[in-house]
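I have placed the structure first, in the form of structure tokens, so that the comments after it can refer back to it.
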Amino acid sequence: MASCSELAWPEVDLWKNLIIISSNSSSIVDSFETFYYYNKNMLFGKKHLSAVKCCVRNPLLIAPDNFCRQLCTKSKSPIERKEFKKVLVANRVKLLFIRSVGIYSEQDVNQMHRLKADEAYLVGRGMTAVSAYLNIHEIIKLAKMHDVDAIHPGYGFLSERADFAQACNDASITFIGPPPEVMLRMGDKISARVAAAEAGVSVVPGIENPIENAEEAAEFGKQYGFPVIFKAAYGGGGRGMRRVNKLDEVQEAFNRATSEALAAFGNGLMFVEKFIERPRHIEVQILGDMYGNIVHLYERDCSVQRRHQKIIEIAPAPNLDPQKRQLMLDDAVRLARHVKYENAGTVEFLLDQDGRHYFIEVNARLQVEHTVTEDITGVDLVQAQVRIAEGKSLEDLHLRQDLVTPIGSALQCRITAEDPSMDFCPDSGRIEVFRSGEGMGIRIDSASAYAGALVSPYYDSLLVKVIAHSRNYKTTVNKMMRALKEFRIRGVKTNIPFLLNVLNNQRFLDGLVDTCFIDENPDLFKFVPSQNRAQKLLRFLKDVKVNGPMTPLVTGIPSAKVTPIVPEYDTRPLLKGWRDVLLEKGPVNFAKEIRKNKGLLLTDTTFRDAHQSLLATRVRTYDLQRIAPFLAHAMPNLFSLEMWGGGVIETAISYTGDVADPNREMYSLNYYLKLAEEIVKAGTHILCIKDMAGLLKPNSSKVLLSALRDRFPDLPIHVHSHDTAGVAVASMLACVEAGADIVDVAVDSMSGMTSQPSMGAMVAVLNDSPFHTGNAYWELARQLYGPFECTTTMKSGNADVYVHEIPGGQYTNLQFQAYSLGLGDKFEQIKRKYVEADALLGKLIKVTPTSKIVGDLAQFMVHNNLDGPTLLKQASTLSFPESVVQFMQGLVGQPPYGFPEPLRTQILRHRERIDGRPGESLHPVDFESLRQELQQKHEKQIRDVHVISYAMYPKVTDDFLTFVEKYGPVDKLPTHAFFMGLSNGEEIDVELEKGKSMRIKMLAKSSLNAEGEREVFLELNGQLRSFLVKDKEASKDYTSHPKADPAVIGSVGAPMPGEVLQIKVKEGDVVKMKTPLIVITAMKMEMIIESPLDGVVKTVFAKPAMKCQAGDLLVLVENHSAGCLSSSSSSSSSSSSFPSSLIQSTEFDLLNRLTDGCCSSKEPLECGSSREIARRSLE
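If you read the sequence shown in full-length UniProt numbering, its first letter stands for residue 1, the second for the next number, and so on.
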């Protein structure tokens, strides 16, 4: 070794500024002592060294003799060492420990790197986001203006641009990276291949010069065979790469790769090479100083990739043969030494299945995955870069090859804003929640990932890098899984579920992955949806805060801010009840036990029909569940509780008319006795009379019940009625006297009027011993449902029910429907028209669905100002409600007294008629097909209850599942909060499950912003959350782009936020399925949107360079053969679904159904589930 201290070092001043241009999340130096700098200006093809003023604290430089002689003979100026004091960050990066100057694009004005820099300046005014950071002239100008001394390019953008490094040198600004001529040679993948061959490193077969057109690539493919791969000649990171499997794919792949490379790197030149099947992607980290010294820092396995972009990196590579490892390490060092590489770089290889390795490229920059190398070697690569650029040797940094030893195993996962279930479509938007997983052996490198950050569509989708390090590969994977499970990122979709699936895959755990790993493991895309319950509930509350109640509120009575108190009760084990008798003795003996019972048995309807009748079916599961334990303990002697689902089924005869009126010809006593005979023959165990409108008078009760009891002395009789006229208690007492075994009642505060008779009154009259019913609870609970009270139009019992015969369960729902249609002030008129409509339809037995049909026709008549005679006169020209048309077709069954003519003929005209049992005309239901259809539409796990609901109510079930997926378990919210939302300062406790609750506090909402949004501020468990909410009312003044309709196949929407790059069709074009329609770009990725069907382009909504959001309608394709837009559900649900009018049995086709059978579910429909919503929609 010889000293270079004899070289003529000039007198110098202290360097004051350093500019670092870095990307996303590179860490800029952990500690900063003295920095030295070697500035080598390079004009391409003409080399010279120039000295720059610097401060040399240690002018003694030790170097090999031949290196000193070479240096002295090349220039009169020695290698200069400089100290950096100030940093300009030009590439969206976080800063550490150096006074910094940041630059930012207009799109990044709110990004963290601008806010954290000591100084920050705008670049690229008026430019696109990417173009701003590629603006070399302006960046250099800004650097000179603010006296910066050096630039660190980070990764991405200009980091591999030799012309940028040269521009820095020309401006006497330090570029922290390889010299320009090395960057030029290594950045060009073709010249890099030549250099590798010169160094004796094997390369993949490929072309020698960049190709200018697709024809050259096609010739290469013909010569070497397919598949081949296009690669950007001047960039990496998976951008501008396309695999081509056959000749006819060449042109489109070339166009897309060229366009993508041009956008990402400013140069669209391509080269093409043979595609190596199923290789491992191994890269070697190298460091070189200015004195010819090279070390490797071992390898990384980057084989887990999608779209040629790395997702997971491992160091060192697991299950790699030591001899093959050493060959690649030696080749990397040999190539670096051959090209006189300086600073940090990565030499990348493909390792084929036979153990042969091929050089593919050099990344002449710091890479995203440098972190795993840092963890296993303990070498701070960024700090090493800066110190090497200052002129320090590897020896000065204690980086000798024999001292670099890997310790343990490190693994990095890139958490990206992408949706893996949608082929990794990038997502953008506002991060609502960001909480990372931490702990021993976990390192977090993030850029601008924090609550409130905006994820831009302009850049790479990377949010944060998570690095795990431990003693061995297995424990490292376990650490990573634990950390990822602790992450909470809300507001944008992420690839965390996919990463967890990869980490749990046995091939990955065994370290046996290659670049085909993701493609060959479809199970990686089977995700368990995150519950995300808290965030969804907050989303519901903020939407209600801005846009008002999601449930339309009918009356002017608000939902009271009360909390009903559950009475105290004895918590000792429950006494046996009638359900136990049924389970122990079976249906036959159960019926005998009922007849043996000496007293009257009561069914409580409070949980269903009572609130259906009084409060429009709006009482929530939340309030029912709170009182349920009390009811179970306090009232064990009840015969049953009427519920939405899961109950024991009784066969019921729907009662209408008046059996005691000898002047009535229809629905006489003989009619009911004959129907009862047929039902008993069919095998019923209990005979139920369902008086759905409350038409049973005391005298009629005696007539009917006495006749039934005489005819069926051993059969239990159950009576259900409503108190609309105010005589139900008297009528039920008459039934009891005539032989009824069971009657329906409701808790006092939920009884009377359209509901059932009072439980307290019945008990007091019969036993004179009232018992505790929880009446006070329901008295308060009813106040929560003021917006749906029947008392707005009905203050007491009303005998007009004997005229209009509206069922009690329909009364408030009809009122609600009238308000929704703008007919709320005409409800009295609707009741009168109900009588006319019933007569026109032939005096039906009015129970769901026939009661709805009568109600629909009544409202139709009011809306169109029609009376009976006028309707009959104009029937052939009127457009009747669909429910009326279906009824006339016979889809509800055959009325006992036939269809009204000529009205039926006038309404149907040429429509199909069904004169038999409607079920006979239905196609068999393919439940498995429906299940798959639902599963494709919804992330929620599909159960039998959803499938059966979907068969009966396709749209309602779809809407319900969509609502649950968006807003979560809203059934856990207190009722007032559910209906009205929260006022400022109001707090609620929400119990998600046993032992798991959260506290939500509403803080405020902002004024309207320029986009028609308001910001809502809440606290969740004391932590601030905020959301931007579109104000629907205010937004009417704002124009918005139409959204694609998921139910229409030809409605083609944007799969991700981005920008329209190319429109490949025009209106009127005939297209085939898979024909490219639109090309959009986002996060430096281009995506071709193809036609989903054969057809004709009806409308093109996209515009060139249009910014679009996910779901924005781009193209409307019309079915070519049908001449109409295709429905996505036409293939299955529409052909096998039941008509809405066929949901419930009616007595006039009941026997046909019983004898012919019908489909049944494996589990009962649940209270509060999709059936509840569906039935409400009918009422």
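All residues carry an ideal CB built from backbone N, CA and C; glycine is no exception.
By the neighbour-count definition (other C-beta atoms within 10 Å, threshold 16), Asn865 is an exposed residue. Taking a C-beta distance under 7 Å as the contact criterion, His976 and Lys536 do not qualify as a contact pair.
When the beta-carbon positions are compared, Asp744 and Thr605 come within less than 7 Å of each other. Here Arg443 carries a strand assignment [DSSP, helix/strand/coil].
Using a C-beta cut-off of 8 Å, the region 1021-1036 makes no contact with the region 388-406, since fewer than three inter-stretch Cβ pairs fall below that distance.
Taken through DSSP and simplified to helix, strand or coil, Glu650 comes out as coil.
In its chain, beyond the 5 residues on either side, Ile830, Gln859, Val862, His863 have a beta carbon closer than 7 Å to the beta carbon of Leu823. Leu1018 counts as buried, since at least 16 other C-beta atoms from the protein chains shown sit within 10 angstroms of its C-beta.
Judged by their CB atoms, Ala734 and Pro698 are nearer to each other than the 7 Å cut-off. Taking a C-beta distance under 7 Å as the contact criterion, Leu454 and Gly981 do not qualify as a contact pair.
Relative to the Cα of Lys545, the nearest Cα in the group Val990, Ser1051, Leu1028, Ile1088 belongs to Leu1028. Between the alpha carbons of Lys702 and Glu665 lies a distance of about 19 Å.
His633 and Arg943 have their C-alpha atoms spaced approximately 31 Å apart.
Around the Cβ of Glu83, a 10 Å sphere holds 16 or more other Cβ atoms; the residue is buried.
Nearest C-alpha to Arg618 among Ala781, Met241, Pro954, Gly890: Ala781. Taking C-beta separations shorter than 7 Å and ignoring five residues to either side along the sequence, the partners of Asp570 in its chain run His633, following chain order. The three-state reading of DSSP puts Leu708 in helix, counting H, G and I together. Taking the C-beta atoms as reference points, Val182 is found nearer than 7 Å to Val339.
In this structure, Cys516 places its C-beta atom within 7 Å of the C-beta atom of Arg278. A straight line joining the alpha-carbon of Gln1062 with that of Glu1090 spans about 12 Å. In terms of Cα proximity to Asn319, the closest of Pro406, Ala253, Val201, Tyr473 is Tyr473. According to the DSSP assignment, Pro1076 belongs to the beta strand (DSSP E) that extends over 1076-1082.
Non-local C-beta neighbours of Val477 in its own chain, meaning closer than 7 Å and more than five positions away in sequence, comprise Leu411, Leu503, Leu509, ordered along the chain. Judged by their CB atoms, Ile140 and Ala171 are nearer to each other than the 7 Å cut-off. Taken in chain order, the unbroken stretches of beta strand (DSSP E) that lie wholly in the region 622-707 and span 3 residues or more are 651-654, 687-690. Going by beta carbons, Val203 and Tyr358 fall inside the 7 Å limit. Nearest neighbour of Ser749 by Cα position, chosen from Met762, Glu779, Leu1113, turns out to be Glu779. Contact between Thr373 and Arg300 is confirmed by a C-beta separation of about 6 Å, below the 8 Å threshold. Residue nearest to Ala725 within the set Tyr802, Ile742, Glu678, Leu704 is Tyr802 (criterion: CA-CA distance).
Here Asn532 carries a coil assignment [DSSP, helix/strand/coil]. Membership of Ser731 in the alpha helix (DSSP H) is indicated by the continuous run 728-738.
Residue environment analysis places Thr870 among the exposed positions, since fewer than 16 neighbouring C-beta atoms fall within 10 angstroms of its C-beta. In this structure, the straight-line span from the alpha carbon of Tyr459 to that of Phe887 is close to 58 Å. The DSSP-derived three-state label of Gly221 is helix. Between the C-alpha atoms of Val404 and Leu394 there is a straight-line separation of about 12 Å.
With a contact defined as Cβ atoms closer than 8 Å, Ala728 and Gly694 qualify at about 6 Å.
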